[in-house]
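My numbering puts the first residue of the sequence shown at 149, with every later residue one more than the last. All C-beta atoms, glycine included, are put in the ideal place defined by N, C-alpha and C. Below you'll find the structure, written out as structure tokens, and then a few comments.
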Amino acid sequence: MNTDPIADYLTRVRNAIRAKHRVVEIPASNIKKEITKILYEKGYIQNYKFDDSTPQGTIKIALKYNPTTKQSAIVDLQRISRPGLRQYRGADNLPRIYNGLGVAILSTSKGLMTDKEAKTLNVGGEVLCYVY
């Protein structure tokens, strides 16, 4: 049993990037699927596929690398709010990641979204992770 599935998700992606893997396979959950969709929309991953052949299902993520420099599109993934210390921010107090170049993923009452989307909708929530 895993106590923090989001941290496990981020660690699997981080380890795959460091090992220069093209595809990483992760056990699925609804929140992990939403994080994957946000990473795809923001251009941090090349593609993804949800495989529901097993009861839990899996997520296959194709990582994105620069063709000339072989550098990953994701420089760093940081887990912010964790089970031992939850981090909540209001709509007027949302963080800026790398002066607006990065993305903070928030869990709000209107679902998972980025910091910029939350600011336009004027909602706050739990800051799950930073991606840049």
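- Per DSSP, the unbroken alpha helix (DSSP H) holding Leu269 starts and ends at 263 to 269.
- Taking C-alpha positions only, Ile165 is separated from Ser220 by approximately 7 Å.
- Taken through DSSP and simplified to helix, strand or coil, Thr206 comes out as strand.
- The C-beta of Lys180 has 16 or more other C-beta atoms within 10 Å across all chains shown, which makes the residue buried.
- Ile174 and Ile253 do not touch by the CB rule: their CB atoms are close to 16 Å apart, not below 8 Å.
- Cβ-Cβ separation between Arg160 and Leu211: approximately 11 Å, too far for a contact (criterion under 8 Å).
- For the alpha helix (DSSP H) assignment, the uninterrupted runs of no fewer than 4 residues enclosed by the segment 158 to 208 are, from N- to C-terminal side, 178 to 189.
- Secondary structure at Ala239: helix, using DSSP grouped into helix, strand and coil.
- Our two residues, Asp263 and Leu233, have alpha carbons roughly 20 Å apart in a direct line.
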